[in-house]
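Quick notes on the structure that follows.
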Amino acid sequence: MSGQGNTITIPCPYLDFFAGDRQQHLLAAILNQLVFWSGKSHLEEGWFYKEHAVIAKEVRASSEDVIRKAMSKIITQYLPGVIEEKKRKVNGTPKMHYRINEEALIGVIFPPLLDSALKPNGNGSQAESKRLSSRMETAHEPNPGNGSQAESILYTDLKTDKYLQITSSPETSSPDENLSTDGSDSQKGKWGTPEDLQCAEWIFGRIKQLYEKAAETDGEVSRPRDPNWNTWANDIRLMRTIDGRSHRQICELFKRVQRDSFWIKNILSPSKLRDKWDELSLKLSPANVSEQVDPFSSSFNCDDTIPPGFRG
239 MSGQGNTITI PCPYLDFFAG DRQQHLLAAI LNQLVFWSGK SHLEEGWFYK
289 EHAVIAKEVR ASSEDVIRKA MSKIITQYLP GVIEEKKRKV NGTPKMHYRI
339 NEEALIGVIF PPLLDSALKP NGNGSQAESK RLSSRMETAH EPNPGNGSQA
389 ESILYTDLKT DKYLQITSSP ETSSPDENLS TDGSDSQKGK WGTPEDLQCA
439 EWIFGRIKQL YEKAAETDGE VSRPRDPNWN TWANDIRLMR TIDGRSHRQI
489 CELFKRVQRD SFWIKNILSP SKLRDKWDEL SLKLSPANVS EQVDPFSSSF
539 NCDDTIPPGF RG
């Protein structure tokens, strides 16, 4: 029962890309299948078709409708311009076909690596960049050994552990190095913008002040560890790009959270804030909130102004 034929393999970079989404594993599994079948297609110009019912069976989804909605989310929200849709006839019957721009997909899934790959290495060459380009060019060329289709650079088989996988650099990087410097999300993929990081830092600063205040009366309370800034910035990005919240709205709601005696103990990260957003917005709206005790009272000097530069 635990053999390869009974398992579903999902590349970790796909899971990382959809991090923070409630359907993370489903979306990653579907993307994996789309990439797989794209590499197996013999149709012209890279088109391929796969019915929702078949994908649902492959990833063990509950229904075709679940797959249809999830694929729509992937194509329109996460990968616009990367995966194309078009109805084409198969034996006279119109079928929805898909085409993946592999180069664009690689740029979204592995942005930090591509950035470093395009920079000269220690010998002044661009060897890694050439290797990437070579793999992309041969992704759909016949294999001279057996005439079969070459494996896609992004290919992962459901029943094997074979990945043509780009590995990330072992060197660690700071949060700023993983964030876009021009304000665009596409430049650095899933990590977000410097403003997303700044918003995450502001939230953590408020949480840290809460612990420091508690430590004044309880010597066993210690300062919290710094979070994973990539994850926190990505959660802010998701609230902004997927949920339509501005940085100002995020900060304002978190300020209200910290004035509530119950929620202040339960909302300690951007992901929790996102998960409970609708409930918090309703319960903590000015019309529904009675006089609350502010943990950051006048006896504790706290700057709760929203950092400049956030979009309102």
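Each residue of the sequence shown is one higher than the one before, counting from 239 in our numbering. The beta carbon of each residue, even a glycine, is placed where N, CA and C say it ideally should be.
1. Are the segment 252-270 and the segment 325-337 touching, with three or more C-beta to C-beta distances below 8 Å?
2. In the structure shown, what three-state DSSP assignment does proline 524 receive?
3. Candidates Glu433, Lys307, Ala299 and Gly345: which alpha carbon is nearest leucine 476's?
4. Let me know the secondary structure DSSP gives lysine 288 once reduced to three states.
5. In the structure shown, what three-state DSSP assignment does histidine 335 receive?
6. How would you write the range of the beta strand (DSSP E) that valine 328 sits in, first residue to last?
7. Tell me which residues share the same chain as histidine 335 and place their Cβ nearer than 6 Å to its Cβ, disregarding the 5 neighbours each side in the sequence.
8. Does isoleucine 344 pass the burial test, meaning 16 or more other C-beta atoms within 10 Å, or should it be called exposed?
9. Could you tell me the alpha carbon to alpha carbon distance between valine 346 and glutamine 447, rounded to whole angstroms?
10. Are there 16 or more other CB atoms within 10 angstroms of the CB of threonine 431, so buried, or fewer, so exposed?
11. Taking only the alpha-carbon atoms, compute the straight-line gap between serine 418 and arginine 337 and give it to the nearest angstrom.
12. Note down the Cα distance separating serine 507 from lysine 333, rounded to an integer number of angstroms.
13. Could you check whether isoleucine 488 and glutamine 496 sit closer than 7 Å to each other, using their CB atoms as the reference points?
14. Classify phenylalanine 500 as helix, strand or coil using the three-state DSSP reduction.
15. Which residue from Lys311, His290 and Ser310 puts its Cα closest to that of serine 301?
16. Report yes if the CB atom of tryptophan 429 is closer than 7 Å to the CB atom of asparagine 468, and no otherwise.
17. Could you check what DSSP says for histidine 280 in three-state terms: helix, strand or coil?
18. Report yes if the C-beta distance between leucine 518 and alanine 471 is below 7 Å; otherwise report no.
19. Taking aspartate 473 and tryptophan 515 to be in contact with their CB atoms under 8 Å, please state how far apart those CB atoms are, rounded to whole angstroms.
20. Let's see if you can read the secondary structure: which residues bound the alpha helix (DSSP H) around glutamate 490?
21. Which word fits glycine 277, buried or exposed, when buried means at least 16 other C-beta atoms lie within 10 angstroms of its C-beta?
22. Shortest alpha-carbon distance to glutamine 262 belongs to which of Lys311, His280, Asp498 and Leu511?
23. Can you tell me whether asparagine 466 is helix, strand or coil according to DSSP?
24. Please classify cysteine 437 as buried or exposed, where buried requires at least 16 neighbouring CB atoms within 10 angstroms.
25. Among residues of its own chain, excluding the 5 on either side of isoleucine 248, which ones have a beta-carbon nearer than 6 Å to its beta-carbon?
26. Inspect the beta-carbon positions of isoleucine 313 and isoleucine 305 and report whether they are closer than 7 Å.
27. With histidine 485 and arginine 478 assumed to form a contact (beta carbons below 8 Å), what rounded beta-carbon distance in angstroms separates them?
Reading from the atomic positions:
1. no
2. Sequence index remark: in the sequence shown, residue 524 carries index 286 (1-based). In the structure shown, proline 524 sits in coil (DSSP, three-state: anything other than H, G, I, E or B).
3. Indexing the sequence shown from 1 puts residue 476 at position 238. Of the candidates Glu433, Lys307, Ala299 and Gly345, the one whose C-alpha sits nearest the C-alpha of leucine 476 is Glu433.
4. Reading the sequence shown from its first residue, position 50 is the one you call residue 288. If DSSP states are grouped into helix, strand and coil, lysine 288 belongs with coil.
5. Stepping through the sequence shown from its first residue, residue 335 is reached at position 97. Residue state, collapsed to three classes: strand.
6. Taking the sequence shown and counting its residues from 1, one reaches residue 328 at position 90. Valine 328 -> beta strand (DSSP E) spans 321-328.
7. In the sequence shown, the residue the question calls residue 335 occupies position 97. Within the same chain, histidine 335 has close Cβ partners Trp285, Tyr287, Lys324 and Arg326.
8. Stepping through the sequence shown from its first residue, residue 344 is reached at position 106. By the 10 Å Cβ count, isoleucine 344 comes out buried.
9. Against the sequence shown, residue 346 aligns to sequence position 108. Against the sequence shown, residue 447 aligns to sequence position 209. So the alpha carbons of these two residues sit roughly 36 Å apart.
10. Position 193 of the sequence shown holds residue 431. When all chains shown are included, threonine 431 counts as buried.
11. Walking along the sequence shown from the start, residue 418 turns up at place 180. Walking along the sequence shown from the start, residue 337 turns up at place 99. For serine 418, the predicted model reports a pLDDT of 43, less than 50, meaning its position is unreliable; a value from the coordinates is still stated below. Approximately 28 Å between the Cα atoms of the pair.
12. In the sequence shown, residue 507 corresponds to position 269, counting from 1. In the sequence shown, residue 333 corresponds to position 95, counting from 1. Between serine 507 and lysine 333, the C-alpha separation is close to 44 Å.
13. Taking the first residue of the sequence shown as 1, we reach residue 496 at position 258. Taking the first residue of the sequence shown as 1, we reach residue 488 at position 250. The answer is no: Cβ separation not under 7 Å.
14. Here residue 500 is taken as the residue at index 262 of the sequence shown, counted from 1. Coil at phenylalanine 500, not helix or strand.
15. Position 63 of the sequence shown, counted from the start, is the residue given in the question as residue 301. Taking only the C-alpha atoms, the option nearest serine 301 is His290.
16. Walking along the sequence shown from the start, residue 429 turns up at place 191. Walking along the sequence shown from the start, residue 468 turns up at place 230. Cβ distance < 7 Å, so tryptophan 429 and asparagine 468 count as in contact.
17. Position 42 of the sequence shown, counted from the first residue, corresponds to residue 280. If DSSP states are grouped into helix, strand and coil, histidine 280 belongs with coil.
18. Taking the sequence shown and counting its residues from 1, one reaches residue 518 at position 280. Taking the sequence shown and counting its residues from 1, one reaches residue 471 at position 233. No, these two residues do not count as a Cβ contact at 7 Å.
19. By 1-based counting over the sequence shown, the position of residue 473 is 235. By 1-based counting over the sequence shown, the position of residue 515 is 277. 11 Å between Cβ atoms; not a contact.
20. Against the sequence shown, residue 490 aligns to sequence position 252. Per DSSP, glutamate 490 belongs to the alpha helix (DSSP H) from 485-495.
21. To locate residue 277, count along the sequence shown from 1; it is residue 39. Under this definition glycine 277 is a buried residue.
22. Taking the first residue of the sequence shown as position 1, residue 262 is located at position 24. For the residues Lys311, His280, Asp498 and Leu511, the minimum Cα distance to glutamine 262 belongs to Lys311.
23. Counting from 1 along the sequence shown, the entry for residue 466 is found at position 228. Note: asparagine 466 maps to coil in three-state DSSP.
24. As a position in the sequence shown, residue 437 is number 199, starting the count at 1. Burial call: buried.
25. Within the sequence shown, numbered from 1, the residue matching residue 248 stands at position 10. Ala266, Ala267 and Asn270, listed in sequence order.
26. Counting from one through the sequence shown, the residue named residue 313 turns up at place 75. Counting from one through the sequence shown, the residue named residue 305 turns up at place 67. Cβ atoms of isoleucine 313 and isoleucine 305: not closer than 7 Å.
27. The residue you call residue 485 lines up with position 247 of the sequence shown. The residue you call residue 478 lines up with position 240 of the sequence shown. About 7 Å separates the two Cβ atoms, so the contact holds.
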